[in-house]
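Offset between the sequence shown (1-based) and our numbering: plus 35.
For each residue, glycine too, the CB sits at the ideal point set by N, CA and C.
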Amino acid sequence: WAEKMQSYVGITPPDDLQGALQDIHWTGGLGNFIGYTMGNVISAQLWAAMRREMPGAEEGIARGEFAPILEWLRTHVHRLGSTYEVDELVRRATGSDLSATPYLGYIREKFSELYGF
């Protein structure tokens, strides 16, 4: 692991406890990673739709005003429960098919600010 970490990302963890093997999922739940990825992709798409419908959502969060966001989620996601499969729920909530584009935009924006590219 340490050798590939060095080869792929230029980092050598001091020991397994602080490297990739510290994550229980590597040994007991490798399939969970795709669930996390899908959650990230879907949350970015929901956030993009919410921002279109609720300009100023970020400013509300900065002020600690979460009620409008909770209401949006209740209306577009929570009330539907298990009525629809994930793809259809995302389509109904956001008006678009499931797409990685909003997540990729989020990643691009976040890391370009952090690392200047």
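Measuring alpha carbon to alpha carbon, tell me which residue in the options is nearest residue i.
| i | options | result |
| --- | --- | --- |
| methionine 85 | Leu105, Gly66, Met73 and Arg98 | Leu105 |
| proline 49 | Ile59, Glu38 and Tyr43 | Glu38 |
| tryptophan 82 | Gly45, Gly99, Pro103 and Glu123 | Pro103 |
Given a cut-off of 8 angstroms, decide if residue j and residue i are closer than it, judged by their beta-carbon atoms.
| i | j | result |
| --- | --- | --- |
| tryptophan 36 | leucine 52 | no |
| methionine 73 | glycine 54 | no |
| tyrosine 138 | asparagine 75 | yes |
| threonine 129 | glutamine 80 | yes |
| isoleucine 77 | valine 125 | yes |
Would you report the Cα separation of residue i and residue j, rounded to the nearest angstrom?
| i | j | result |
| --- | --- | --- |
| arginine 87 | alanine 97 | 18 angstroms |
Threshold first: 4 residues or longer. Then list the alpha helix (DSSP H) segments lying entirely within the segment 55–87, N to C.
60–63
Those runs of the alpha helix (DSSP H) which lie wholly inside the segment 90–129 and span at least 4 residues
92–97, 102–111 and 121–129
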